[in-house]
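**Student:**
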Amino acid sequence: MKSQALTLFDLVERLSLLTRADLRQAGAAQGLQPVHLQVLFYLNQANRFSNTPQALTEYLGLTKGTVSQTVLVLARRRLISRYADPRDGRVVRLILTEGGTNLLKTLSAGGAWRDIVQTASPARVTSAMVVLRQVLAQVQAQSGKRSFGVCATCRHNQRLGPRSYFCGLMQEKLSSPEVRRICREHAPPVVLETA
Numbered sequence: 552m553k554s555q556a557l558t559l560f561d562l563v564e565r566l567s568l569l570t571r572a573d574l575r576q577a578g579a580a581q582g583l584q585p586v587h588l589q590v591l592f593y594l595n596q597a598n599r600f601s602n603t604p605q606a607l608t609e610y611l612g613l614t615k616g617t618v619s620q621t622v623l624v625l626a627r628r629r630l631i632s633r634y635a636d637p638r639d640g641r642v643v644r645l646i647l648t649e650g651g652t653n654l655l656k657t658l659s660a661g662g663a664w665r666d667i668v669q670t671a672s673p674a675r676v677t678s679a680m681v682v683l684r685q686v687l688a689q690v691q692a693q694s695g696k697r698s699f700g701v702c703a704t705c706r707h708n709q710r711l712g713p714r715s716y717f718c719g720l721m722q723e724k725l726s727s728p729e730v731r732r733i734c735r736e737h738a739p740p741v742v743l744e745t746a
C-alpha cells in the first residue's frame, strides 16, 4: 500500500502534467511554447524587484541561455518589453506589453481549476492549500530555492497604514496592489514557538 506522501506526490505530479499539456495546447494556438507562456504568467505576477531575467531564471529553474532566448522571442513578438533599470543601468527589467497582457486575458489558465475547486467546500480547499503550502515551503527550503511568495506574507513587509506598506529589505514604499505580487526576495514570516 502506498504511503499518503507518495499518493499526494502522484496526484500533484499528474495535475502538473495535465496543466503542462493545457499550456502546450494554448501556446500552440498562438505559435508559442509552454516556456513562453510561463514567462508571461510570471511577469504578470512579479513585483518591480523581481522582473529581471535572473529572477525569471530562478523562478522557472531554467538556464540563463534558455531564459535569454525565450525573452528574445517574446520581445520580438512584442509581448514583453526590456528596459534598463533607471537606478542601475546594468540591470535589465522586463514588463508585459499591452499585447502580452491581452494574450494572457485570452488564455483560460486556471479556469478549469477555479470551476472545479468551487464545487468543493471552502474548508476542504483551505485544508488542501495549507498542506500544499507546507510541502512547497519545506521542499524549497531543503533545496535552497527562493520562496517567491507574495509581499503581504513576507517578514520584511511593514504596514504603515491603510493601503500603505514598506519593504524593510529594499527600503521602499509599496502600494496595496504591489503587496499582492510575488517577490524574489520574499522571506517567510518568523514563527515563534510557544512553550
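So for the sequence shown, the working numbering puts the first residue at 552; every next one is plus one.
For glycine and all other residues, C-beta sits at the position ideal for the given N, C-alpha and C.
Which residue or residues does DSSP assign as beta-bridge partners of Ser601?
**Tutor:** Paired residue(s): none; Ser601 is not in a bridge.
**Student:** What first and last residue would you give for the beta strand (DSSP E) that runs through Arg675?
**Tutor:** That residue, Arg675, is in no beta strand (DSSP E); its alpha helix (DSSP H) goes 673-694.
**Student:** Please list the terminal residues of the continuous beta strand (DSSP E) segment that includes Leu568.
**Tutor:** First-last for Leu568: 555-581, but that is the alpha helix (DSSP H), not the beta strand (DSSP E).
**Student:** Are the CB atoms of Gln695 and Pro739 nearer to each other than 8 angstroms?
**Tutor:** One point to set straight first is that residue 695 is Gly, not Gln, in the sequence displayed. Contact flag unset, no.
**Student:** Verify whether the separation of the beta carbon atoms of Ser601 and Cys705 is less than 8 angstroms.
**Tutor:** Going by C-beta atoms, Ser601 is not nearer than 8 angstroms to Cys705.
**Student:** Using a 10 Å radius around the Cβ and a threshold of 16 neighbouring Cβ atoms, would you call Leu683 buried or exposed?
**Tutor:** Label assigned to Leu683: exposed.
**Student:** Buried or exposed: which applies to Leu562, given that a residue is buried once 16 or more other Cβ atoms fall within 10 Å of its Cβ?
**Tutor:** So Leu562 counts as exposed.
**Student:** Would you say Leu658 and Leu630 are within 8 angstroms of each other, going by their C-beta atoms?
**Tutor:** Their beta carbons are not under 8 angstroms apart, which means Leu658 does not touch Leu630 by this criterion.
**Student:** Alpha carbon to alpha carbon, what distance is there between Ala671 and Thr677?
**Tutor:** Those two C-alpha atoms are separated by around 10 angstroms.
**Student:** What is the rounded straight-line gap between the Cα of Gln605 and the Cα of Leu623?
**Tutor:** So the alpha carbons of these two residues sit roughly 14 angstroms apart.
**Student:** Kindly indicate which three-state DSSP category Ser632 falls into: helix, strand or coil?
**Tutor:** Ser632 falls in the strand class under three-state DSSP.
**Student:** What would DSSP say about Val642, mapped onto helix, strand or coil?
**Tutor:** If DSSP states are grouped into helix, strand and coil, Val642 belongs with coil.
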